[in-house]
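Novice: Counting from 2, one number per residue, gives the positions in the sequence shown under the working numbering. Pasting a structure here, questions to come.
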Amino acid sequence: METQPIIEKTVAFVQATLAGAEAGHDWAHTRRVWKNAEAIARTEAVDPLVVALGALLHDIADAKFHEGDEEVGPRMARAFLESLPVDEPVIHHVEQIIRNISFKGGNFAAAFHSPELAVVQDADRLDAIGAIGIARAFHYGGFRNRELYNPDIPPNLNMSKEEYKKSTAPTINHFYEKLLLLKDRMHTQTGRRMAEDRHRYMEGFLEEFLEEWEGRR
């Protein structure tokens with residue numbers, strides 16, 4: 002199976018499908034995750050085709066934009082991959098990556114594990130932190146018309162998966178409920194190393210944000 006034509010067709014499919022998508026979950030996000038995944042995969046014993054396809058298709062139909070339906074993405078990915086010369090085990094593996102990549106509040110037991118999922122999940126989490134992660138968080142918060150910050154609404158660190166999906170909390174809460182937790186939930190050594198600087202950048206941002214909010218700067 003020649004992989005380059007498959008990847009090229011997948012890139013074109015994702016670009017077309019995500020045209021006009023919310024900027025935190027668009028082709029640019031997908032491309033960054035793909036490139037992060039390639040970098041991490043070079044240090045791991047993984048199937049590079051599964052990693053590439055998992056990264057490229059991981060947000061093809063994010064459930065948060067499809068009334069919470071977590072099967073839209075896997076269905077779309079399967080239908081597309083079945084149109085290509087891709088073996089069934091690869092298609093199934095990519096489906097499982099899409100089903101299990103999301104954070105979903107972090108308080109649940111994942112049903113599937115693989116080295117390829119670990120790589121793609123680390124790559125996706127890297128794009129959720131640091132400068133890009135800050136920009137994405139506030140863009141999505143604006144997209145949902147959420148408050149920037151409300152000191153009367155504390156972060157909830159014990160949300161169930163359903164509570165997390167339905168949360169309308171201020172954007173700053175998202176840093177404490179998810180983004181600041183990701184550094185310690187990386188699976189790969191490369192992912193952990195790449196996350197360190199991004200995590201510190203977020204900590205500095207939050208310190209400055211809260212100082213300015215209270216008028217101390």
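Glycine included, every Cβ here is placed at the ideal spot set by N, Cα and C. Computed from a predicted structure; not experimentally measured.
Out of curiosity, what's the CA-to-CA distance linking residue 156 and residue 88?
Specialist: For the purposes of this step, residue 156 is identified with residue 155 of the sequence shown, where counting begins at 1. For the purposes of this step, residue 88 is identified with residue 87 of the sequence shown, where counting begins at 1. Going from the Cα of residue 156 to the Cα of residue 88 covers about 44 Å.
Novice: Give me the residue from 181, 16, 167 with the minimum Cα distance to residue 173.
Specialist: As a working note, residue 173 is residue 172 in the sequence shown. Per the Cα distances, 181.
Novice: Hey, residue 117 and residue 48: beta-carbon distance below 8 Å or not?
Specialist: Looking up residue 117 in the sequence shown gives position 116. Looking up residue 48 in the sequence shown gives position 47. Their beta carbons are under 8 Å apart, which means residue 117 touches residue 48 by this criterion.
Novice: Residues in its own chain within less than 7 Å of residue 46 by CB, not counting five upstream and five downstream?
Specialist: Walking along the sequence shown from the start, residue 46 turns up at place 45. Once the five neighbours on either side are set aside, the close Cβ partners of residue 46 are 116.
Novice: Taking only the alpha-carbon atoms, compute the straight-line gap between residue 184 and residue 210 and give it to the nearest angstrom.
Specialist: Looking up residue 184 in the sequence shown gives position 183. Looking up residue 210 in the sequence shown gives position 209. In a straight line, the C-alpha of residue 184 is about 21 Å away from that of residue 210.
Novice: Below 8 Å, can you find three or more Cβ-Cβ pairs linking the region 140 to 147 to the region 20 to 33?
Specialist: Result yes; three or more Cβ-Cβ pairs closer than 8 Å.
Novice: Determine the DSSP secondary structure at residue 86, reduced to helix, strand or coil.
Specialist: Looking up residue 86 in the sequence shown gives position 85. Of the three classes helix, strand and coil, the one that applies to residue 86 here is coil, per DSSP.
Novice: Quick one, are the C-beta atoms of residue 119 and residue 188 less than 8 Å apart?
Specialist: Taking the sequence shown and counting its residues from 1, the one referred to as residue 119 is at position 118. Taking the sequence shown and counting its residues from 1, the one referred to as residue 188 is at position 187. Going by C-beta atoms, residue 119 is nearer than 8 Å to residue 188.
Novice: Classify residue 214: buried if its beta carbon has 16 or more other beta carbons within 10 angstroms, exposed otherwise.
Specialist: Your numbering for residue 214 matches position 213 in the sequence shown. So residue 214 counts as exposed.
Novice: Does residue 21 pass the burial test, meaning 16 or more other C-beta atoms within 10 Å, or should it be called exposed?
Specialist: Here residue 21 refers to the residue found at position 20 of the sequence shown. The residue is exposed, with fewer than 16 neighbouring Cβ atoms inside 10 Å.
Novice: What residue ranges within the region 59 to 136 form continuous alpha helix (DSSP H) runs of no fewer than 4 residues, ordered along the chain?
Specialist: Counting only runs of 4 or more, we get 73 to 82, 89 to 101, 116 to 127.
Novice: Short of 8 Å in beta carbon distance, which residues of its chain neighbour residue 15, apart from the five on each side in sequence? Order them along the chain.
Specialist: Residue 15 sits at position 14 when you count from the first residue of the sequence shown. Cβ neighbours of residue 15 beyond the five flanking positions: 28, 31, 57, 58, 61.
Novice: Looking at residue 130 and residue 199, is the spacing between their C-beta atoms short of 8 Å?
Specialist: Position 198 of the sequence shown holds residue 199. Position 129 of the sequence shown holds residue 130. Contact: yes.
Novice: Where does residue 150 fall in DSSP's three states?
Specialist: On the sequence shown, residue 150 is found 149 positions in, with the first residue counted as 1. Three-state result, residue 150: coil.
Novice: Exposed or buried, residue 3, counting other C-beta atoms within 10 Å across all chains shown (16 or more means buried)?
Specialist: Locating residue 3 in the sequence shown gives position 2, counting from the first residue. By the neighbour-count rule (16 or more Cβ atoms within 10 Å), residue 3 is not buried but exposed.
Novice: Compute the Euclidean distance between the alpha carbons of residue 83 and residue 217, then round it to the nearest angstrom.
Specialist: Numbered from its first residue, the sequence shown carries residue 83 at position 82. Numbered from its first residue, the sequence shown carries residue 217 at position 216. Spanning the two alpha carbons is a distance of roughly 58 Å.
Novice: Roughly how many angstroms lie between the CA atoms of residue 194 and residue 202, to the nearest whole one?
Specialist: One-based indexing of the sequence shown puts residue 194 at position 193. One-based indexing of the sequence shown puts residue 202 at position 201. Computed Cα separation, rounded: 14 Å.
Novice: Which residues mark the beginning and the end of the alpha helix (DSSP H) in which residue 175 is found?
Specialist: In the sequence shown, residue 175 corresponds to position 174, counting from 1. Residues 172 to 178.
Novice: Between which residues of its own chain and residue 113 is the CB-CB distance below 6 Å, once the five residues before and five after are set aside?
Specialist: As a first step, residue 113 must be located in the sequence shown, where it is residue number 112. For residue 113, where only same-chain residues beyond five positions count, the Cβ hits under 6 Å are 97, 101.
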